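Colleague: Encoded as structure tokens, here's the structure I'll be asking about.
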Amino acid sequence: MFDISPTEWIAIQLSLRVAVIATLVATPIGIGVAWLLARRNFWGKPVLDALIHLPLVLPPVVTGYLLLLTFGRRGLVGAWLADHLGIVFAFRWTGAALACGVMSFPLLVRPIRLSIEAVDRRLEQAASTLGAAPWRVFSTVTLPLALPGVLAGMVLGFAKAIGEFGATITFVSNIPGETQTISSAIYSLIQTPDGDTAALRLVIVSVVIAMAALIAAEVFARRATQRLHGN
Amino acid sequence: MLRVEVFKQLGGFAVDANFTSEGRVTGLFGSSGAGKTSLVNMIAGLLKPDRGIIAIDGEVLDDTAAGLHVAAHRRRIGYVFQDARLFPHFNVRQNLDYGRRMNALARDAASEGRIVDLLDIGHLLDRRPGKLSGGERQRVALGRALLAQPRLLLLDEPLGSLDEERKTEILPYLIRLRDETGVPMVYVSHDPDELRQLASQIVILKRGRVAAFGGAEVLGQSGA
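First to last, the protein sequences are chains A and B.
Residues in the first sequence are numbered from 7 upward in steps of one, following this note's numbering.
Residues in the second sequence are numbered from 9 upward in steps of one, following this note's numbering.
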């Protein structure tokens, strides 16, 4: 029962790689977007907000198909990236990371935005009277105080990325060793006669990963909150 | 010398104040809602006047006619808020050092030590703001503002959130600051006694306008 096969190992490793890369790339972008939404008023803000949340409400298949149309080999952006920068997303693990990043983005942004909104603007004012330029106010006051939210967003995003299925399989298919994540491996195993035991193993693995991430998030958040409450 | 000629509409209320003060400590007196904090925020650069001029020692910081507005972080004007506003994620030492870091000033152990001694905060350096009393917090806030080497220090009711006992504890520190540091101050208060002890020139603000300007004697005239 607990004898994990090489194919399953590859799927587990791939899932972790995809989710880690997706989270690490999405986090700085997410912090920037969260800051814009929390602190700035600009034309088109409701549109940006809706656009970010779109993957949350669209069927994942639709998001995956839109990614295929945009970032596929013949897609508008995909063709350009492939020709000029040699970056290919379609049917590659990088495409899986892109799909996971897009799907988890709303979950990543939301806690960061809320925690930035919760930072006392009067502290930011105090920092500026002490000579801090706006970006230094952000890096020395706003961001450190919003850190629990950033960590919460990263963990939620990571958890979503590791479980993503619909958009990923639509965009990059289900190729063992390249784009077959835990979710798509489980899906394949369920379709296969005698695949039940292997499927169950991967189910347990994904539960363990998810639990570990959630517990880690809780511990980080508690430590960060303690640190920031000035005690 | 501080020159203020500003107009700012704030909802149904307007601040419309003109004065030029030569005093070491300019007292800004008025009841709550008189526009004291808005005026001080304009001097600090946190609030932009609709019309007018703000200048310190001949250097113009705001001139709406010329489209000039120097950002708060470039003004070198210290600000001590009523609610201290210490950074909760830094200890006292890091709070005190913040202005020096942001202005890329050289470390000056002598003046640091002098201000820490002046304010009696040497024993608090490793504590977090959450572990300080209201009076200690306000002293650290004073030190933090001074160590950024401001050319003007704004104090917006620095004793406002303290009880009577704490007020009499802090007031001597403020008098020492006035006498031992060369930094000119604008001291906001609704307490005439505080201003009599500290300020050399008084601006009385009523409903956003300057009702009286002069020495400490104007406090008496206004019936305060």
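Yeah, the Cβ is synthetic: ideal placement off N, Cα and C, and Gly gets one too.
In this text, all values refer to a predicted model and were calculated from it rather than measured experimentally.
Could you please give the first and the last residue of the uninterrupted beta strand (DSSP E) stretch that includes D24/B?
Modeller: Numbered from 1 along the second sequence, position 16 holds the residue referred to as residue 24/B. Its beta strand (DSSP E) spans residues 21-29.
Colleague: Looking at chain B, is there any beta carbon in it that lies within less than 7 Å of the beta carbon of Q232/A?
Modeller: Against the first sequence, residue 232/A aligns to sequence position 226. So no, Q232/A is outside the interface.
Colleague: With a cut-off of 7 Å, does the C-beta of R228/A fall near any C-beta of chain B?
Modeller: Translated into the one-based positions of the first sequence, residue 228/A becomes position 222. With 7 Å as the cut-off, R228/A does not count as an interface residue toward chain B.
Colleague: V125/A to T148/A, Cα distance in whole Å?
Modeller: Within the first sequence, numbered from 1, the residue matching residue 125/A stands at position 119. Within the first sequence, numbered from 1, the residue matching residue 148/A stands at position 142. C-alpha separation (whole angstroms): 6 Å.
Colleague: Are I85/B and L160/B closer than 7 Å when you measure CB to CB?
Modeller: Within the second sequence, residue 85/B is the residue found at index 77, counting from 1. Within the second sequence, residue 160/B is the residue found at index 152, counting from 1. Yes, the pair counts as a contact, with Cβ atoms nearer than the cut-off.
Colleague: Within the 7 Å Cβ cut-off, does Y195/B reach chain A?
Modeller: For the purposes of this step, residue 195/B is identified with residue 187 of the second sequence, where counting begins at 1. So no, Y195/B is outside the interface.
Colleague: Within 10 Å of its beta-carbon, does S11/A have 16 or more other beta-carbons around it, so buried, or fewer, so exposed?
Modeller: As a working mapping, residue 11/A is identified with position 5 in the first sequence. S11/A comes out exposed.
Colleague: In the structure shown, what three-state DSSP assignment does G231/B receive?
Modeller: Numbered from 1 along the second sequence, position 223 holds the residue referred to as residue 231/B. Because G231/B carries a pLDDT of 48, less than 50, the predicted location of this residue cannot be relied on, and the following value inherits that uncertainty. In this structure, G231/B counts as coil in the three-state DSSP scheme.
Colleague: In chain order, what residues of the stretch 147-161 of chain A put their CB closer than 9 Å to some CB of chain B?
Modeller: Listed in sequence order: V147, P150, L151, L153.
Colleague: Since S121/A meets chain B, which of its residues come closer than 7 Å, beta carbon to beta carbon?
Modeller: As a working note, residue 121/A is residue 115 in the first sequence. Those do not exist, as S121/A stays about 13 Å from chain B at its closest Cβ, beyond 7 Å.
Colleague: Of all the options P112/A, A88/A, A191/A, E130/A, which has the alpha carbon lying nearest to the alpha carbon of A205/A?
Modeller: Numbered from 1 along the first sequence, position 199 holds the residue referred to as residue 205/A. Closest by alpha carbon: A191/A.
Colleague: Hey, L206/B and Y195/B: beta-carbon distance below 7 Å or not?
Modeller: Within the second sequence, residue 206/B is the residue found at index 198, counting from 1. Within the second sequence, residue 195/B is the residue found at index 187, counting from 1. Yes. Within cutoff.
Colleague: Near V94/A, which residues of its chain fall below 6 Å by C-beta distance, leaving aside the five closest residues on each side in sequence?
Modeller: Within the first sequence, numbered from 1, the residue matching residue 94/A stands at position 88. Correct list, in chain order: A88.
Colleague: Considering A44/A, what are the terminal residues of the alpha helix (DSSP H) in which it resides?
Modeller: Along the first sequence, one-based indexing puts residue 44/A at 38. Where A44/A is concerned, the enclosing alpha helix (DSSP H) stretches over 12-45.
Colleague: Decide if P182/A is buried, meaning its Cβ has at least 16 other Cβ atoms within 10 Å, or exposed.
Modeller: The sequence position of residue 182/A within the first sequence is 176, counting from 1. Exposed, because fewer than 16 other Cβ atoms sit within 10 Å of the Cβ of P182/A.
Colleague: Let's see if you can read the secondary structure: which residues bound the alpha helix (DSSP H) around E188/B?
Modeller: Here residue 188/B refers to the residue found at position 180 of the second sequence. Counting along the chain, the alpha helix (DSSP H) containing E188/B begins and ends at 172-188.
Colleague: Who are the near neighbours of L162/A in its chain, counting only those whose CB is closer than 7 Å to its CB and skipping five residues on each side?
Modeller: Residue numbering aside, residue 162/A sits at position 156 when the first sequence is read from its first letter. So the qualifying residues of the chain are L113, L114, P117.
Colleague: Here's the rule: buried if 16 or more other CB atoms are within 10 angstroms of the residue's CB, otherwise exposed. What is G231/B?
Modeller: The residue you call residue 231/B lines up with position 223 of the second sequence. The pLDDT assigned to G231/B is 48, lower than 50, so where the model puts this residue is not dependable; a value taken from the coordinates is nonetheless given after this. Exposed.
Colleague: By the 9 Å beta-carbon criterion, what residues does the stretch 82-98 of chain A contribute toward chain B?
Modeller: The residues in question: there are none.
Colleague: Alpha carbon to alpha carbon, how far is P199/A from Q186/A?
Modeller: Within the first sequence, residue 199/A is the residue found at index 193, counting from 1. Within the first sequence, residue 186/A is the residue found at index 180, counting from 1. Going by the C-alpha atoms only, they are around 19 Å apart.
Colleague: Let me see if you follow: with CB-CB separation under 7 Å, is R46/A close to chain B or not?
Modeller: To locate residue 46/A, count along the first sequence from 1; it is residue 40. Closer than 7 Å: no.
Colleague: If you measure from the beta carbon of Q186/A to each beta carbon in chain B, is any gap under 7 Å?
Modeller: As a working note, residue 186/A is residue 180 in the first sequence. No, no contact with chain B.
Colleague: Determine the chain B residues that contact R127/A at a beta-carbon separation under 8 Å, and present them in chain order.
Modeller: Working through the first sequence from its first residue, we reach residue 127/A at position 121. Simply none; closest approach about 10 Å.
Colleague: Check the DSSP bridge columns for H77/B and list the partner residues they point to.
Modeller: Taking the second sequence and counting its residues from 1, one reaches residue 77/B at position 69. For H77/B, which the question treats as bridged, DSSP gives the partners D70/B.
Colleague: Would you mind sorting M110/B into buried or exposed? The rule is 16 or more other CB atoms within 10 Å of its CB.
Modeller: Translated into the one-based positions of the second sequence, residue 110/B becomes position 102. When all chains shown are included, M110/B counts as buried.
Colleague: When the Cα atoms are used, what is the spatial distance from L127/B to K139/B?
Modeller: Indexing the second sequence from 1 puts residue 127/B at position 119. Indexing the second sequence from 1 puts residue 139/B at position 131. Going from the Cα of L127/B to the Cα of K139/B covers about 17 Å.
Colleague: From what residue to what residue does the beta strand (DSSP E) around F164/A run?
Modeller: Indexing the first sequence from 1 puts residue 164/A at position 158. Careful: F164/A lies outside any beta strand (DSSP E), inside the alpha helix (DSSP H) at 153-169.
Colleague: Using the Cα positions of I183/B and T72/B, report the straight-line distance between them to the nearest angstrom.
Modeller: Walking along the second sequence from the start, residue 183/B turns up at place 175. Walking along the second sequence from the start, residue 72/B turns up at place 64. In a straight line, the C-alpha of I183/B is about 35 Å away from that of T72/B.
Colleague: For the alpha helix (DSSP H) holding R116/A, just list the boundary residues, first then last.
Modeller: Walking along the first sequence from the start, residue 116/A turns up at place 110. Taken as a continuous stretch (DSSP letters only), the alpha helix (DSSP H) holding R116/A covers 99-124.
Colleague: Using a Cβ cut-off of 7 Å, which residues of the stretch 95-111 of chain B contact any Cβ in chain A, in chain order?
Modeller: From the stretch 95-111 of chain B, only F95, P96, H97, Y106, G107, M110, N111 have a Cβ closer than 7 Å to chain A.
Colleague: Tell me where the beta strand (DSSP E) around M193/B begins and ends.
Modeller: Against the second sequence, residue 193/B aligns to sequence position 185. Residues 193-197.
Colleague: I need the boundaries of the beta strand (DSSP E) containing L213/B, first residue and last residue.
Modeller: As a first step, residue 213/B is located in the second sequence; it is residue number 205 there, counting from the start. Here the beta strand (DSSP E) through L213/B covers 209-214.
Colleague: With DSSP as the reference, please indicate the residues paired to T3/B in a beta bridge.
Modeller: With chain B covering 9 to 232 only, the question about residue 3/B has no answer from this structure.
Colleague: Rounded to the nearest angstrom, what separates G19/B and T45/B at their Cα positions?
Modeller: Sequence index remark: in the second sequence, residue 19/B carries index 11 (1-based). Sequence index remark: in the second sequence, residue 45/B carries index 37 (1-based). Cα to Cα, G19/B sits roughly 15 Å from T45/B.
Colleague: Between which two residues does the alpha helix (DSSP H) holding E130/A run?
Modeller: As a working note, residue 130/A is residue 124 in the first sequence. Taken as a continuous stretch (DSSP letters only), the alpha helix (DSSP H) holding E130/A covers 127-135.
Colleague: Might you give, ordered along the chain, the residues of its own chain that have their beta carbon closer than 7 Å to the beta carbon of L20/A, omitting 5 neighbours on each side?
Modeller: One-based indexing of the first sequence puts residue 20/A at position 14. If we look at L20/A and ignore the five residues flanking it on each side, its Cβ neighbours are W99, Q186, T187.
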